[in-house]
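In what follows, a structure is listed as structure tokens, so that the remarks can point back to it.
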Amino acid sequence: MKLEEMKAEGNVSTVKQFVLLGFSDLPNLRGFLSGVFSIAYTIILIGNSLIIIITRLDPTLKKPMYFFLANFSFLEICYVSVTLPRILLNIWTRDRAMSLLQCATQMCFFLILATTESFLLAVMSYDRYVAICHPLHYILIMNPKKCIELAAGAWLIGMPVQIGQTCQIFSLHFCRSNQIDHFFCDIPPIIKLACEDTFSHELSVFVVSMLFAAVPFSLILASYSKIISTILRMPTAQGWGKAFSTCSSHLLVVVLFYGSAIITYLRPKSSHSVGIARLFSLFYTIVTPMFNPLIYSLRNKDMIAALRKLFLKA
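Take 1293 as the starting number for the sequence shown in the numbering used here and just add one per residue.
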């Protein structure tokens, strides 16, 4: 791959183009990886699209819970589409070059959508908290206007900060190499290529991560602590089962998303391995979105009934 460069002050070359190494170290698995990723992308598109369709068409699903679920499904389609089509293109064409603008655009959308997912999961946990802890006031509290405001807030809250963070990262001077040992433009491998002090940038990334990951996660924990406390005070086992069934799917998605992200970004540097990092990145960027439709549909009686009605009509 020819490295495009221009001469900067002091005869130091400045990178103008990145090369995503991706899975170039696994040439014998090119066909297998192409097939697996193509199947995964198809499952994600079909599964999440079905959830959006049935929540729009079935009158029994005109509830806040399913409004947020439809938002979440649309988010998953967007989230995966930022990275997966590019991975497939790199495998099919073996052209792994990306301009700085293309790389910055991919990173910016990825960060915005990851932030949206984090806050949307918090909003969904709040919805479950109101439904279980304040059932008599649920319809009043989670009215259509409030639902739209909460969803819009989740989508918009991270945009200005993540756009600014992306601009800050790409204001760095890159001159060490143009090879990104990853399958998409993520922050850690990009910062590694900078040939200047990156402490302030890394500190900024840490602060933003705490703000947009730790805060929503804390809200989720607070919601579920109240939910569990309320469930334990219910007089009948039937009430316990019903309450847990409405929360279990969301809680499982939370564990998958935050668990894989925490392992990826908060592991000690001494234990960092490029292969392990890519494996966990694949998990929260592709595997988790692929299983989310199955988790929400197969563990929800209303969703199963709506799917049956949709296919019987077809």
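Heads up, the beta-carbon is just placed ideally off N, CA and C, and yes, glycines get one too.
Query                                                                                                                   : Result
Beta-carbon spacing of residue 1401, residue 1450 below 8 Å                                                             : no
Buried versus exposed call for residue 1589 [16 or more other C-beta atoms within 10 Å across all chains shown]         : buried
Opening and closing residue of the beta strand (DSSP E) in which residue 1310 lies                                      : 1309-1312
Beta carbon of residue 1417 nearer than 8 Å to that of residue 1333                                                     : no
At least three beta-carbon pairs within less than 8 Å, the segment 1577-1588 to the segment 1540-1555                   : yes
Contact check, residue 1384 vs residue 1463, beta carbons under 8 Å                                                     : no
Residue 1391 versus residue 1445 - alpha carbon distance                                                                : 32 Å
Given residue 1377 as reference, the closest of 1337, 1346, 1353, 1406 once Cα atoms are compared                       : 1337
Expected contact under 8 Å - CB spacing of residue 1576 and residue 1540 to nearest Å                                   : Not confirmed; about 20 Å, so no contact.
Local conformation of residue 1390 per DSSP, three classes                                                              : strand
Three CB pairs or more closer than 8 Å across the segment 1482-1490 and the segment 1430-1442                           : no
Spatial neighbours of residue 1600 in its chain, beta-carbon cut-off 6 Å, leaving aside the 5 residues before and after : none
C-beta neighbour in chain C for residue 1363, strict 8 Å                                                                : In summary, chain C is missing from the structure at hand, where a single protein chain is found.
Proximity below 8 Å, CB of residue 1398 to CB of residue 1476                                                           : yes
At least three beta-carbon pairs within less than 8 Å, the segment 1314-1329 to the segment 1353-1369                   : no
Bridge partner(s) assigned by DSSP for residue 1486                                                                     : 1466
Top-ranked residue by Cα proximity to residue 1571, from 1315, 1311, 1307                                               : 1315
Spatial distance of residue 1469 from residue 1330 (CA atoms)                                                           : 30 Å
Residue 1374 beta carbon less than 8 Å from that of residue 1578                                                        : no
Exposure of residue 1320, with buried meaning 16 or more beta-carbon neighbours within 10 Å                             : exposed
Nearest candidate by alpha-carbon position, reference residue 1424, set 1520, 1596, 1307, 1510                          : 1520
Per DSSP, the bridge partner or partners of residue 1471                                                                : 1311
Minimum C-alpha distance to residue 1592 - residue among 1407, 1353, 1412, 1495                                         : 1353
Range covered by the alpha helix (DSSP H) that runs through residue 1575                                                : Segment: none, residue 1575 is in no alpha helix (DSSP H) and carries neither H nor E.
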